[in-house]
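Chemist: Order-wise, the sequence lines are chains A and B. The numbering used here puts the last residue of the first sequence at 416; the count rises by one with no breaks. The numbering used here puts the last residue of the second sequence at 416; the count rises by one with no breaks. Glycine included, every Cβ here is placed at the ideal spot set by N, Cα and C.
Number of protein chains: 2
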Amino acid sequence: MTRRVLKFGGTSVGDLDRIAHVAGLVEADAAEGGGRAVVVSAMAGETDRLIGLTRAIAADSRVDVADEYDAVVAVGEQVAAGLLAMALRARGLRARSWTGAQAGLITDGPHAAARIAAWDAGAVGAAVDGGEIAVVAGFQGATRDGRISTLGRGGSDVTAVALAAALGAERCDVYTDVDGVYTTDPRIEARARRLDRISYEEMLEMASLGAKVMQTRSIELAMAHKVPVRVLSSLAGPGDDNPGTLICEEDAIMEKRIVSGVAYARDEALVSVLGLPNDPDRLAGVFARLGDAGINLDMIVHGRARTPHAVNVAFSVGRADLDRALALIDGAKAELGFELTETRTDLSKVSVVGVGMRSHASVAKVMFGALAEKGVGVDAVTTSEIKISALIPDDHTELAVRALHAAYGLDAA
Amino acid sequence: MTRRVLKFGGTSVGDLDRIAHVAGLVEADAAEGGGRAVVVSAMAGETDRLIGLTRAIAADSRVDVADEYDAVVAVGEQVAAGLLAMALRARGLRARSWTGAQAGLITDGPHAAARIAAWDAGAVGAAVDGGEIAVVAGFQGATRDGRISTLGRGGSDVTAVALAAALGAERCDVYTDVDGVYTTDPRIEARARRLDRISYEEMLEMASLGAKVMQTRSIELAMAHKVPVRVLSSLAGPGDDNPGTLICEEDAIMEKRIVSGVAYARDEALVSVLGLPNDPDRLAGVFARLGDAGINLDMIVHGRARTPHAVNVAFSVGRADLDRALALIDGAKAELGFELTETRTDLSKVSVVGVGMRSHASVAKVMFGALAEKGVGVDAVTTSEIKISALIPDDHTELAVRALHAAYGLDAA
Chain A
4 MTRRVLKFGG TSVGDLDRIA HVAGLVEADA AEGGGRAVVV SAMAGETDRL
54 IGLTRAIAAD SRVDVADEYD AVVAVGEQVA AGLLAMALRA RGLRARSWTG
104 AQAGLITDGP HAAARIAAWD AGAVGAAVDG GEIAVVAGFQ GATRDGRIST
154 LGRGGSDVTA VALAAALGAE RCDVYTDVDG VYTTDPRIEA RARRLDRISY
204 EEMLEMASLG AKVMQTRSIE LAMAHKVPVR VLSSLAGPGD DNPGTLICEE
254 DAIMEKRIVS GVAYARDEAL VSVLGLPNDP DRLAGVFARL GDAGINLDMI
304 VHGRARTPHA VNVAFSVGRA DLDRALALID GAKAELGFEL TETRTDLSKV
354 SVVGVGMRSH ASVAKVMFGA LAEKGVGVDA VTTSEIKISA LIPDDHTELA
404 VRALHAAYGL DAA
Chain B
4 MTRRVLKFGG TSVGDLDRIA HVAGLVEADA AEGGGRAVVV SAMAGETDRL
54 IGLTRAIAAD SRVDVADEYD AVVAVGEQVA AGLLAMALRA RGLRARSWTG
104 AQAGLITDGP HAAARIAAWD AGAVGAAVDG GEIAVVAGFQ GATRDGRIST
154 LGRGGSDVTA VALAAALGAE RCDVYTDVDG VYTTDPRIEA RARRLDRISY
204 EEMLEMASLG AKVMQTRSIE LAMAHKVPVR VLSSLAGPGD DNPGTLICEE
254 DAIMEKRIVS GVAYARDEAL VSVLGLPNDP DRLAGVFARL GDAGINLDMI
304 VHGRARTPHA VNVAFSVGRA DLDRALALID GAKAELGFEL TETRTDLSKV
354 SVVGVGMRSH ASVAKVMFGA LAEKGVGVDA VTTSEIKISA LIPDDHTELA
404 VRALHAAYGL DAA
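1. Which ranges would you report for the beta strand (DSSP E) in the region 154-213 of chain B if only whole runs of at least 3 residues count?
2. Can you find a C-beta in chain A that's less than 8 Å from the C-beta of B/Arg99?
3. Only counting runs of 4 or more residues, tell me where the alpha helix (DSSP H) segments fall wholly within the region 327-357 of chain A, in order along the chain.
4. So, is the C-beta of B/Leu96 closer than 8 Å to a C-beta in chain A?
5. Quick one: list the residues of chain B neighbouring A/Glu49, beta-carbon separation under 7 Å, in chain order.
6. Pull out every residue of the region 53-72 of chain B whose Cβ sits closer than 8 Å to any Cβ of chain A, in chain order.
7. Does DSSP put A/Leu96 in a helix, in a strand, or in coil?
8. If I measure Cβ to Cβ from B/His312 and keep anything under 8 Å in the same chain, skipping five residues before and after, which residues do I get?
9. My output table needs one value for A/Lys390: the three-state DSSP class, helix, strand or coil.
10. Okay, do the region 332-349 of chain A and the region 402-416 of chain A touch, 3+ Cβ pairs below 8 Å being the bar?
11. Could you check if B/His305 is buried or exposed, using at least 16 other CB atoms within 10 Å of its CB as the buried criterion?
12. Any Cβ of chain B within less than 8 Å of the Cβ of A/Gly133?
13. Does the separation of the CB atoms of A/Val16 and A/Gly141 fall below 8 Å?
14. For chain A, find out if any of its Cβ atoms is closer than 8 Å to the Cβ of B/Arg92; answer yes or no.
15. Starting from B/Ser362, follow its DSSP beta bridges and name the residues at the other end.
16. For A/Ala115, return the contacting residues in chain B, with the cut-off set at a CB-CB distance below 8 Å.
17. Since A/Asp440 sits in a beta bridge, which residues does DSSP pair it with?
18. Indicate whether at least one CB of chain A lies closer than 8 Å to the CB of B/Val75.
19. When you compare the CB of B/Gln143 with every CB in chain A, is at least one pair closer than 8 Å?
20. Between A/Ser236 and A/Asp182, is the Cβ-Cβ spacing less than 8 Å?
21. Quick test of the definition: if touching needs 3 or more C-beta pairs under 8 Å, does the region 365-380 of chain B touch the region 328-337 of chain B?
22. Classify A/Ala124 as helix, strand or coil using the three-state DSSP reduction.
23. Of the choices B/Val234, B/Phe11, B/Val75, whose alpha-carbon is the least far from that of B/Cys251?
24. Taking only beta-carbon atoms, is B/Val78 less than 8 Å away from chain A?
25. Under 8 Å, CB to CB, which of the residues in the region 6-26 of chain B have a partner in chain A?
26. Sort B/Ile298, B/Arg309, B/Asp301, B/Phe318 by Cα distance to B/Leu286 and report the nearest one.
27. Does the Cβ of A/Asn299 have 16 or more other Cβ atoms within 10 Å, making it buried, or fewer, making it exposed?
28. Report the three-state DSSP secondary structure of B/Pro2 (helix, strand or coil).
29. Residues of chain A with CB closer than 7 Å to the CB of B/Ala88, please, in chain order.
30. Using a Cβ-Cβ distance under 8 Å, would B/Gly357 count as near chain A?
31. Answer yes or no: does any C-beta atom of chain A fall closer than 8 Å to that of B/Gly155?
32. In whole angstroms, give me the CA-to-CA distance for A/Glu271 and A/Gly321.
33. Answer with yes or no whether the minimum CB distance from A/Val41 to chain B is below 8 Å.
34. Do you know how far the Cα of A/Thr162 is from the Cα of A/Trp122?
35. Return the Cβ separation of A/Leu224 and A/Ala129 in integer angstroms, given the expectation that the two are a contact with Cβ distance under 8 Å.
36. Out of A/Val358, A/Phe11, A/Asp284, A/Arg309, which has the shortest C-alpha to C-alpha gap to A/Glu204?
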């Protein structure tokens with residue numbers, strides 16, 4: 004029997020009316036035949052309320068209470084799953100709720116940020132094949148010794164994709180508050196188009212570049228297990244046209260595009276280390292300090308300094324990491340031997356993403372041409388096999404996004 | 004190693020300050036040595052909030068959702084247990100929370116009103132013996148096939164007593180908003196005294212007569228398993244004198260009293276069936292109809308009617324059952340052949356309870372003497388081995404309670 008997994012986030016089950024609406028969507032989908040498992044998040048706001056209780060009672064961060072945090076916070080999804088199962092029964096469907104532990108999701112790693120170690124989905128699979136809709140509490144599982152554990156941010160999406168993999172489902176449908184993945188942010192470019200399909204690799208780049216449809220962790224999992232994921236609207240009615248966007252293997256995309264989308268990320272910062280002695284150990288020392296502190300670098304610019312035997316090196320970090328990065332570098336000034344640091348915080352990153360880049364050398368030329376034509380200055384550039392990113396002044400973000408969207412022919416007719 | 008079970012109700016863990024206070028009480032108790040398990044209810048108001056959600060989503064009572072109701076409602080205790088475990092760790096104690104299912108409580112019977120079928124307390128016992136305080140979510144367990152189930156009203160007290168039995172605990176301490184069991188309601192008689200000890204049988208009678216310290220279900224369980232239960236105040240501080248009242252076997256009470264307490268119940272009603280043909284089948288027909296409908300009768304008065312070959316029979320019921328009882332009887336008037344029914348709703352029941360009655364014939368004499376002296380008329384009487392109850396006009400309730408309290412020498416010096 005074909006199986007399918009549906010996933011609904013916290014806003015989609017935010018109140019009792021929304022839960023009843025979700026039951027209608029599930030009913031319509033189940034009417035297509037085959038088994039159905041549904042993964043739900045906690046009702047919007049509920050997880051924050053529970054976290055607030057745990058923070059207030061255990062204010063001393065030196066005491067390890069992560070396992071109890073998990074036991075408390077996991078109930079949000081348990082309640083949503085129970086209520087949705089009720090709403091499905093009210094429609095005459097057979098359904099039951101499962102906690103993550105009951106559903107067989109086994110975790111390892113630290114509490115509150117656990118990883119999925121295994122999923123023994125035999126019981127859920129049997130229920131689903133027997134025609135009962137399995138409503139599974141997302142975001143949670145149990146350790147091998149039976150303690151409740153949670154998966155951290157984006158944990159319900161990860162749960163849904165992992166369940167789809169464990170069940171051998173034909174697809175995982177992620178219902179959300181947007182109706183699919185767009186060529187760029189429709190709030191910036193009204194001519195943005197919904198993509199029918201996008202490859203895992205492209206979606207990964209889009210997500211890491213700030214397109215917030217799904218977190219990279221879930222997409223990586225889907226890619227590893229070859230689970231097709233469809234992103235579609237939870238606001239549409241049960242009978243509405245709601246095709247969404249299918250995230251799938253590149254081979255499954257018939258119409259190849261050179262560029263699939265234009266993404267952007269604000270809140271970039273650039274740190275320049277000027278007059279660093281031209282010595283590989285010093286340079287490595289800069290990056291080792293940042294790496295050890297878990298600070299992700301994105302772009303690196305490296306060039307000769309004005310003084311002899313010295314270089315200038317600049318790197319971009321998220322603005323949230325700026326103070327920490329700067330303190331690390333400035334704190335090691337004597338050892339590293341550089342002259343001074345400079346920072347800029349008025350920067351954004353715009354990126355074009357597309358698997359077609361692999362075979363089209365002209366992509367970079369089009370990008371820089373389009374930006375130059377609009378007078379957008381580029382401070383740094385980084386590329387991957389399927390992405391080119393440019394660091395630009397942040398007041399040019401919208402202008403650059405629109406220019407690139409048009410230059411690659413993405414504008415809707 | 005000696006083990007002890009402590010239980011805290013919803014008011015005692017009603018907010019985060021109260022939970023922190025409870026942690027202090029547990030710490031002080033644990034300092035006496037031995038293993039400790041703590042059973043908690045949901046934070047006050049939380050269960051009602053959860054029930055409200057389930058009622059709103061599954062308004063059609065013809066759809067059976069009791070299992071999902073349980074999955075939703077049980078989270079209240081799970082949260083309280085997690086928060087208390089955190090509060091204990093904040094004090095430097097070793098503690099962890101257990102859901103009912105994790106703790107090994109196995110239920111049968113209907114969802115939302117399950118019975119405890121068995122308790123596999125091996126894991127909790129091992130944890131407790133290892134010096135870790137086990138904080139167990141009350142009111143819940145799991146069915147043999149792993150579904151969450153709840154125990155219905157008074158379920159957390161039942162959980163605590165059952166856990167004490169399963170652990171072979173020396174005692175179960177029930178912390179509540181009163182500091183023990185009193186000879187009568189202190190709001191009516193200021194000279195009421197806290198009892199140091201009371202037998203299970205007496206406590207059962209007191210509870211069924213309206214003394215609301217513990218429900219009869221928990222006391223019956225404690226009596227069956229010979230678990231001493233101490234009722235004491237959750238409002239007292241960790242170092243305060245807080246002996247409470249020990250509910251225990253009659254043999255463990257040194258100082259025997261003839262009467263241990265005076266209880267009362269308002270909201271009694273009396274239904275008189277007048278002119279019923281004097282025929283055992285007709286009489287049985289009256290009580291069969293009430294019994295089949297699950298209406299508990301208390302006192303029955305039976306006497307000759309004015310008409311020949313006819314009797315009058317009167318019975319008392321709780322006022323909440325009056326309309327239903329009357330409809331049943333009046334609806335069968337043709338078959339039963341009585342003349343008419345009459346009802347009174349201005350009645351209370353006062354009762355004296357004491358194991359010493361078994362050997363003291365004068366108890367009834369003292370009771371009727373004391374009531375007569377105050378001019379309290381008695382409409383009906385019922386007795387058990389350790390209890391005499393009288394139905395009286397409800398505006399005489401306080402007067403009667405005080406008169407009986409004094410007549411049996413219960414007034415504090």
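Modeler: Reading off the structure:
1. 174-179, 200-202
2. Indexing the second sequence from 1 puts residue 99 of chain B at position 96. Taking Cβ atoms only, chain A reaches closer than 8 Å to B/Arg99, which makes this a yes.
3. 336-339
4. By one-based count along the second sequence, residue 96 of chain B stands at place 93. By this cut-off, B/Leu96 is not an interface position.
5. Numbered from 1 along the first sequence, position 46 holds the residue referred to as residue 49 of chain A. Ordered by position in chain B, no residue passes the 7 Å Cβ test against A/Glu49, which lies about 10 Å from the chain.
6. Leu53, Leu56, Thr57, Ala59, Ile60, Ala61, Ala62, Asp63, Val66, Asp67, Val68, Asp70, Glu71, Tyr72
7. Sequence index remark: in the first sequence, residue 96 of chain A carries index 93 (1-based). DSSP places A/Leu96 in coil when its eight states are reduced to three.
8. Walking along the second sequence from the start, residue 312 of chain B turns up at place 309. Pro280, Asn281.
9. Translated into positions along the first sequence, residue 390 of chain A becomes position 387. Note: A/Lys390 maps to strand in three-state DSSP.
10. no
11. For this step, residue 305 of chain B is matched to residue 302 along the second sequence. Under this definition B/His305 is an exposed residue.
12. One-based indexing of the first sequence puts residue 133 of chain A at position 130. Not closer than 8 Å to any Cβ of chain B, the Cβ of A/Gly133 fails to qualify, so no.
13. On the first sequence, residue 16 of chain A is found 13 positions in, with the first residue counted as 1. On the first sequence, residue 141 of chain A is found 138 positions in, with the first residue counted as 1. No; because the gap between Cβ atoms is not below 8 Å, this pair is not in contact.
14. Working through the second sequence from its first residue, we reach residue 92 of chain B at position 89. So yes, B/Arg92 belongs to the interface.
15. Working through the second sequence from its first residue, we reach residue 362 of chain B at position 359. Answer by DSSP bridge pairing: none, since B/Ser362 is not bridged.
16. One-based indexing of the first sequence puts residue 115 of chain A at position 112. Ordered by position in chain B, no residue passes the 8 Å Cβ test against A/Ala115, which lies about 12 Å from the chain.
17. In the structure displayed, chain A extends from 4 to 416; residue 440 of chain A sits before or after that span and is not available.
18. Here residue 75 of chain B refers to the residue found at position 72 of the second sequence. Chain A, which has a Cβ nearer than 8 Å to the Cβ of B/Val75, makes this yes.
19. Within the second sequence, numbered from 1, the residue matching residue 143 of chain B stands at position 140. Answer no: the Cβ-Cβ gap between B/Gln143 and chain A never drops below 8 Å.
20. Walking along the first sequence from the start, residue 236 of chain A turns up at place 233. Walking along the first sequence from the start, residue 182 of chain A turns up at place 179. Yes, the pair counts as a contact, with Cβ atoms nearer than the cut-off.
21. no
22. Stepping through the first sequence from its first residue, residue 124 of chain A is reached at position 121. Note: A/Ala124 maps to coil in three-state DSSP.
23. Along the second sequence, read from residue 1 onward, the residue named residue 251 of chain B stands at position 248. It is B/Val234 whose Cα lies nearest to the Cα of B/Cys251.
24. Taking the second sequence and counting its residues from 1, the one referred to as residue 78 of chain B is at position 75. B/Val78 counts as touching chain A.
25. Leu19, Ile22, Ala23
26. Working through the second sequence from its first residue, we reach residue 286 of chain B at position 283. Per the Cα distances, B/Phe318.
27. The residue labelled residue 299 of chain A in the question sits at position 296 within the first sequence. Exposed is the call here.
28. Here chain B comprises residues numbered 4 to 416, so residue 2 of chain B is not present and cannot be evaluated.
29. By one-based count along the second sequence, residue 88 of chain B stands at place 85. In chain order: Glu71.
30. As a position in the second sequence, residue 357 of chain B is number 354, starting the count at 1. No, its Cβ sits nowhere closer than 8 Å to a Cβ of chain A.
31. For the purposes of this step, residue 155 of chain B is taken as the residue at position 152 of the second sequence. Cβ-Cβ to chain A under 8 Å: no for B/Gly155.
32. Here the question's residue 271 of chain A lines up with position 268 in the first sequence. Here the question's residue 321 of chain A lines up with position 318 in the first sequence. Their backbone Cα atoms lie some 5 Å apart in a straight line.
33. The residue given as residue 41 of chain A occupies position 38 in the first sequence. Cβ-Cβ to chain B under 8 Å: no for A/Val41.
34. Locating residue 122 of chain A in the first sequence gives position 119, where the first residue counts as 1. Locating residue 162 of chain A in the first sequence gives position 159, where the first residue counts as 1. Distance between the alpha carbons of A/Trp122 and A/Thr162 is about 10 Å.
35. Stepping through the first sequence from its first residue, residue 224 of chain A is reached at position 221. Stepping through the first sequence from its first residue, residue 129 of chain A is reached at position 126. In fact, because the Cβ distance is near 24 Å, the residues do not count as touching under 8 Å.
36. Sequence index remark: in the first sequence, residue 204 of chain A carries index 201 (1-based). If we check each option's Cα against that of A/Glu204, A/Val358 comes out closest.
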